[in-house]
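Before any comments, here is the structure.
Residue numbers (our numbering), protein chains in the order written: chain A, 2 to 338; chain B, 457 to 808.
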């Protein structure tokens, strides 16, 4: 850090100034000039927060996708279907038992088991045939989407937010000061704050597992050189199944989260598949930190897009993707060229 | 990407296996197709064959890219829809506040030009990547186009799209009459088919196949690999645009759903099911797809299922094809021909 400051004094100064400006923008009430250019602080900050929480949800979906891709070179285009399946299952469990929390372990295990079946019965047989695997996942996504439509119909479902997460929470961020001098704090849905916390915990846990444990060592080795790892006599098939199961389970759990703060309906599977695609393309394929960064960028772009140019919000996301592809095809944090 | 050689979808250099040596069969098919209006009813002509030729042309453009160029692009349906949209925007349509009402000899060429330009641009972006990455990127761009048309009301008229987009009454013929439309789509499909066969054997097509097989060696030989790939996208975009214009004329309307993700995936399904060994594959795939969608209710009821499970049938069929015959129906044909040949004793020439 010190070395960086000494080497690049101007850049460091710029970073400090920008950080201070950002901090001031977040914490202090805005003068009229800023409000005139950016909009009311309450609206803008809510948008930014929504972008971050949406990014958290995208991260939950995309991290499994990128992990599976990084290790097995399998573009699982049925990932969105696993998300939707998890959401519907979570809805049924939460609806029947009345327990929102209970849905999480059950859905994780159920969707992970489906992942095990897929990896063991289907993808193991066509290992190395990337294109064929991708085609199979497309076929699976068509079939699963139609089965889900068959069972749950075209209705839109929303999972009820449990009582302990319902209602708003006041964040220590001043949005405005009333005429009598009392500060108005930003109110934000409690459930979204917890989703953000959960995503950060999941992300950090994944990073720790991958970088600090033996199984993580196996995964990293597999990402770098699959053939060599297999040749070393390590149980690579077991690692594959575990990673696929974990990625699938995570997508399922993300379905519950998405079903709680958005809604579940046919078509959501493609939406989240595309979000995952864009996230990993922007962040870099196979990289967990890349997925986090990509999810954050895509989430923010989507929400700020809705605020400033509602007609073209979706297009922003894809413009970012095109720009990344044009200037850094391996993704922002992608290692391979 | 060390295994790219094994995953390639086609061996397109072998011209058509057994059927190539039997021109009689080709002639018979051509005769049946030309005489079809004599014995088929309007539904068969317009819905089944018209749609088969259109979907076949769009899938053919994908087959050209994937089979000869080794690039599986999911953008072809989007290019086709853009051409359809341009015809609706520039020419006359039911949405008069947007459509410019230009005559056909302006709106059709401009539509093809715009769509080809779009296809080329996407290609220029997509050739920076390889294999499965190409699928992901083209899929993402296709999705962006779908969402854009759905949200943009000033040019693409959002959810509603355009209605009453009909072919121009050229030579005093209403080209939406089943027989006229059948011949129109048949002629365009035959032209597209011939163009692909011709280009595949031209120096450009041969170089493209060389790029597919070993890009590095072609680059060392002095070929511009990137431009060959981008030009392949342009050529494919031209074919897809013609298909898209026919599609909007057949439906007489266009809406975002035309370029939706399911439609984009369907084109891939058609091309893979038909087979990417030879340009006839996409048309076979399209024929199977159209037959399935036309008669799925009957088939499904026969299996005791609800008649609206068409997609399930398509998905399962696709899975079966990918699992058992990765080169589609054409692959099945080639293997059957191979087996027939083996049944003859190679020494004496007599059946064993």
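Here a beta-carbon is modelled for each residue, glycine too, at the ideal position from N, C-alpha and C.
CB contact flag (residue i, residue j, <8 angstroms)
| i | j | result |
| --- | --- | --- |
| residue 685 of chain B | residue 147 of chain A | no |
| residue 62 of chain A | residue 607 of chain B | no |
| residue 715 of chain B | residue 582 of chain B | no |
| residue 34 of chain A | residue 255 of chain A | no |
| residue 333 of chain A | residue 300 of chain A | no |
| residue 523 of chain B | residue 674 of chain B | no |
| residue 698 of chain B | residue 644 of chain B | yes |
| residue 454 of chain B | residue 595 of chain B | Lying before the first or after the last residue shown, residue 454 of chain B is absent from chain B, which here runs from 457 to 808. |
| residue 260 of chain A | residue 159 of chain A | yes |
| residue 649 of chain B | residue 516 of chain B | yes |
| residue 293 of chain A | residue 116 of chain A | no |
| residue 588 of chain B | residue 132 of chain A | yes |
| residue 127 of chain A | residue 134 of chain A | yes |
| residue 237 of chain A | residue 231 of chain A | yes |
| residue 201 of chain A | residue 166 of chain A | no |
| residue 710 of chain B | residue 512 of chain B | no |
| residue 777 of chain B | residue 746 of chain B | no |
| residue 27 of chain A | residue 216 of chain A | no |
| residue 600 of chain B | residue 319 of chain A | yes |
CB contact below 8 angstroms: residue i versus chain D
| i | result |
| --- | --- |
| residue 632 of chain B | The question asks about chain D, but that chain is absent: this structure's protein chains are A and B. |
Start-to-end residues for the alpha helix (DSSP H) that takes in residue i
| i | result |
| --- | --- |
| residue 293 of chain A | 289 to 309 |
| residue 621 of chain B | Run containing residue 621 of chain B: none; DSSP gives neither H nor E here. |
| residue 238 of chain A | 237 to 262 |
| residue 554 of chain B | That residue, residue 554 of chain B, is in no alpha helix (DSSP H); it is neither H nor E in DSSP. |
| residue 655 of chain B | 634 to 657 |
| residue 219 of chain A | 215 to 225 |
| residue 64 of chain A | 42 to 73 |
| residue 85 of chain A | 80 to 98 |
| residue 528 of chain B | Element bounds for residue 528 of chain B: n/a, residue is neither H nor E. |
| residue 109 of chain A | 101 to 118 |
| residue 286 of chain A | Note, residue 286 of chain A: premise wrong, no alpha helix (DSSP H); not H, not E. |
| residue 614 of chain B | Residue 614 of chain B -> no alpha helix (DSSP H), and no H or E assigned at all. |
| residue 503 of chain B | Taken as a continuous stretch (DSSP letters only), residue 503 of chain B belongs to no alpha helix (DSSP H), as it is neither H nor E. |
| residue 331 of chain A | Premise fails: residue 331 of chain A is in no alpha helix (DSSP H) and is neither H nor E. |
| residue 677 of chain B | Unbroken run through residue 677 of chain B: none, as it is neither H nor E. |
| residue 603 of chain B | 588 to 607 |
| residue 788 of chain B | 784 to 799 |
| residue 8 of chain A | 3 to 8 |
Residue i: first and last residue of the uninterrupted beta strand (DSSP E) it sits in
| i | result |
| --- | --- |
| residue 188 of chain A | 184 to 190 |
Residue from the options with nearest C-alpha to residue i
| i | options | result |
| --- | --- | --- |
| residue 106 of chain A | A/116, A/91, A/99 | A/91 |
| residue 708 of chain B | B/537, B/784, B/601 | B/537 |
| residue 592 of chain B | B/480, B/674, B/527 | B/527 |
| residue 612 of chain B | B/721, B/696, B/712 | B/712 |
| residue 29 of chain A | A/131, A/187, A/66, A/221 | A/187 |
| residue 295 of chain A | A/23, A/206, A/325, A/307 | A/325 |
| residue 189 of chain A | A/19, A/51, A/4, A/165 | A/51 |
| residue 59 of chain A | A/252, A/39, A/265 | A/252 |
| residue 307 of chain A | A/19, A/41, A/16, A/45 | A/45 |
| residue 81 of chain A | A/98, A/181, A/141 | A/141 |
| residue 220 of chain A | A/16, A/65, A/72, A/43 | A/72 |
| residue 717 of chain B | A/264, A/275, A/266, A/263 | A/275 |
| residue 310 of chain A | B/604, B/646, B/725, B/668 | B/604 |
| residue 266 of chain A | A/15, A/84, A/21 | A/84 |
| residue 152 of chain A | A/318, A/93, A/207, A/197 | A/93 |
| residue 283 of chain A | A/298, A/42, A/112, A/270 | A/298 |
| residue 586 of chain B | A/113, A/99, A/74, A/163 | A/74 |
| residue 549 of chain B | B/768, B/770, B/704 | B/704 |
| residue 742 of chain B | B/754, B/758, B/756, B/721 | B/721 |
| residue 682 of chain B | B/694, B/700, B/660, B/546 | B/660 |
Residue i Cβ short of 7 angstroms to the ligand MN heavy atom set
| i | result |
| --- | --- |
| residue 703 of chain B | For the ligand MN, the structure offers nothing, since it holds no ligand at all. |
Taking only beta carbons into account, state which residues of the region 114 to 146 of chain A come closer than 9 angstroms to chain B, listed in chain order. 123, 126, 127, 129, 130, 131, 132, 133, 134, 135, 136, 137, 139, 140, 141, 142, 143, 144, 145, 146
Closer than 8 angstroms, Cβ to any Cβ of chain A: which residues of the region 584 to 608 of chain B, in chain order? 584, 585, 587, 588, 589, 591, 592, 593, 595, 596, 597, 599, 600, 603, 604, 607, 608
Could you tell me which whole alpha helix (DSSP H) segments of length 4 or greater appear in the region 713 to 780 of chain B? Counting only runs of 4+ residues, the alpha helix (DSSP H) found wholly inside the region 713 to 780 of chain B occupies 717 to 730, 736 to 758, 766 to 780, in chain order.
Below 7 angstroms between beta carbons is the criterion; list the residues of the region 315 to 335 of chain A that meet it against any residue of chain B, in chain order. 315, 316, 319, 322, 323, 326, 327, 330
What residues from the region 267 to 294 of chain A come within 7 angstroms of chain B, judged by C-beta to C-beta, listed N to C? 271, 275, 278, 279, 282
Interface residues of the region 149 to 164 of chain A facing chain B [CB-CB below 7 angstroms]: 151
Can you pull out the residues from the region 299 to 314 of chain A whose beta carbon lies closer than 9 angstroms to at least one beta carbon of chain B? Residues of the region 299 to 314 of chain A that bring their beta carbon within less than 9 angstroms of a beta carbon in chain B comprise 311, 312, 313, 314, in sequence order.
Residues of the region 752 to 774 of chain B with a CB closer than 7 angstroms to any CB of chain A: list them in chain order, please. Against chain A - using a Cβ distance shorter than 7 angstroms - the residues of the region 752 to 774 of chain B are 765, 767, 768, 770, 771, 772, 774.
Where the region 75 to 103 of chain A meets chain B: residues whose CB sits under 7 angstroms from a CB there: Taking 7 angstroms as the Cβ-Cβ cut-off against chain B, the residues of the region 75 to 103 of chain A that qualify are 76.
Mind checking the region 486 to 502 of chain B against chain A and listing, in chain order, the residues whose C-beta falls within less than 7 angstroms of any C-beta there? none
Quick one: which unbroken beta strand (DSSP E) runs of 3-plus residues sit fully inside the region 122 to 187 of chain A? Chain order, please. 169 to 178
Taking a Cβ distance cut-off of 8 angstroms, strictly less, list which residues of the region 514 to 532 of chain B are near chain A, in chain order. Cβ contacts with chain A: 528.
Between the region 773 to 788 of chain B and chain A, which residues of the former have a C-beta closer than 8 angstroms to a C-beta of the latter? 774, 775, 778, 779, 782
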